[in-house]
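Numbering (my numbering), first residue to last: 42 to 359.
For each residue, glycine too, the CB sits at the ideal point set by N, CA and C.
The model shown is predicted, which means the values in this text are computed figures rather than measured ones.
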C-alpha cells in the first residue's frame with residue numbers, strides 16, 4: 042500500500058462558455074445519464090497585439106442527455122480545470138448543478154475576453170521579478186509558477202500541471218512579493234489573461250493572494266463553558282467545619298427560614314416601633330408574636346437556634 046501523501050491543489054474556474062460543438066457522450070446502455078463532452082474556448086486579449094484570442098478547450102460534465110448543453114448558446118459554467126503542460130487539450134470538468142443558461146450567442150455581442158476567473162491553490166515552484174511592460178515607472182511584477190495537483194476523472198488518477206501567475210507590483214499586491222517562498226502553499230484568485238505556448242501554461246493575472254496555514258487545533262474551552270449550566274454541581278451538599286449534621290433535614294429547613302426572617306428583621310428594625318408590636322401581642326395566635334422584640338439589641342446565633350427549636354415544638358404540638 043502506498044504511503045505517499047495525496048495532495049489536492051485544484052485550479053477552480055468559472056467561465057462564459059460558447060458551445061459550438063457536441064463531442065462524444067459516454068452513456069451506458071439503458072441509462073440516460075453519463076459523461077458528456079462539448080467544445081468551447083477561453084477568450085483573452087493578446088498581450089502584444091491586444092487582439093482577442095480564443096484557446097480551444099473541452100467541457101466535461103455528468104448529467105442527463107435530455108438536459109445537456111445546446112449549440113450556439115452561452116452558459117455560465119464553473120468547475121475544475123485540468124490543464125496538462127503538453128499538447129493535449131485542456132478539460133474543464135464543470136458542475137451541472139451550477140450551470141446558468143444566458144441565451145443565444147448571437148444575442149449577446151459583448152466580448153468575454155479576460156472574463157474567465159480562477160481560484161488556484163498550489164505549491165510555489167518558481168518565481169522571478171520582471172519589469173511591468175504597461176507601467177510608465179520602474180515598477181516590477183512577480184511571475185510565480187504554481188504546481189497544481191488534482192484528480193482527473195477521465196484517466197482516474199491524480200495529475201500535476203503548472204500555471205503561471207502574474208502578481209502586479211502596484212496597488213494592493215505590491216507588498217505580497219515576500220509571501221512567495223519556494224515550496225509554500227499559496228491560494229491565488231485572478232482571471233486568465235493569456236497562454237504560454239512554449240511551456241503549455243495558462244497565464245493568470247492575480248487579484249488577491251492568500252497564504253494557507255494548514256491544520257489548526259480547535260479550542261474546546263468555549264464548548265465546555267456552554268455546557269456548564271446544564272450539568273450538576275461538582276460539590277453538592279457542601280458544608281463547613283463545625284456544622285451540626287445530626288439534625289434532620291426538616292429541622293434544618295425551619296432553622297434556615299428563621300435565620301432568613303431574623304436577618305430581614307434586623308435590617309429593617311427601625312421601621313416598626315416597639316410599642317406598636319406590643320399592641321399586637323394580645324390579638325395574635327402566632328407563636329412568633331410572643332418572642333421578645335430584638336430591635337433594641339442583636340440576637341446571637343444561639344438564641345436564634347433556640348427560638349427555632351421552640352417554634353418547631355410548638356408547631357408539632359399544635
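Straight-line CA distance for residue i to residue j?
i	j	result
residue 173	residue 57	29 Å
residue 139	residue 178	43 Å
residue 259	residue 252	20 Å
residue 170	residue 183	4 Å
residue 247	residue 229	6 Å
residue 242	residue 96	12 Å
residue 150	residue 255	44 Å
residue 141	residue 50	26 Å
residue 59	residue 188	28 Å
residue 276	residue 345	28 Å
residue 280	residue 355	28 Å
Between residue i and the rest of its own chain, which residues show a CB-CB distance below 6 Å, the 5 nearest in sequence each way excluded?
i	result
residue 109	77
residue 154	84, 85, 86, 93
residue 223	165
residue 132	99, 101, 123
Skipping 5 residues on each side, what residues in its chain have a beta carbon closer than 7 Å to that of residue i?
i	result
residue 292	Note on residue 292: pLDDT 48, under 50, position unreliable in the model; the coordinate value appears next. Closer than 7 Å at Cβ, skipping near neighbours: 353.
residue 194	134
residue 125	200, 202
residue 136	119, 120
residue 104	74, 77, 137
Return the residue from the list the options that minimises the CA-CA distance to residue i.
i	options	result
residue 89	168, 81, 237, 102	237
residue 250	217, 223, 345	217
residue 152	82, 160, 221, 189	82
residue 61	120, 79, 106, 208	79
residue 129	356, 52, 202	202
residue 121	219, 101, 356	101
residue 64	119, 245, 277, 111	111
residue 163	207, 282, 219, 225	225
Grab me the residues of residue i's own chain with a C-beta within less than 8 Å of its C-beta, minus the 5 sequence neighbours each way, in chain order.
i	result
residue 168	183, 184, 185, 186, 221, 223
residue 181	170, 171, 172, 173, 210
residue 127	241
Item to check | Segment contact flag, the stretch 205 to 212 with the stretch 68 to 77, C-beta cutoff 8 Å, min 3 pairs | outcome: no
Checklist entry - Does the stretch 134 to 145 come close enough to the stretch 109 to 120 to have 3 or more Cβ pairs within less than 8 Å? => result yes
Next on the checklist: Check whether the stretch 228 to 247 and the stretch 193 to 200 touch, using three or more Cβ-Cβ pairs below 8 Å as the test.
Outcome noted: no
Item to check | Complete runs of the alpha helix (DSSP H) confined to the stretch 208 to 273 [at least 4 residues] | outcome: 262 to 268
Item to check | In chain order, each beta strand (DSSP E) run of at least 3 residues that lies wholly inside the stretch 128 to 195 | outcome: 132 to 135, 141 to 145, 158 to 172, 181 to 193
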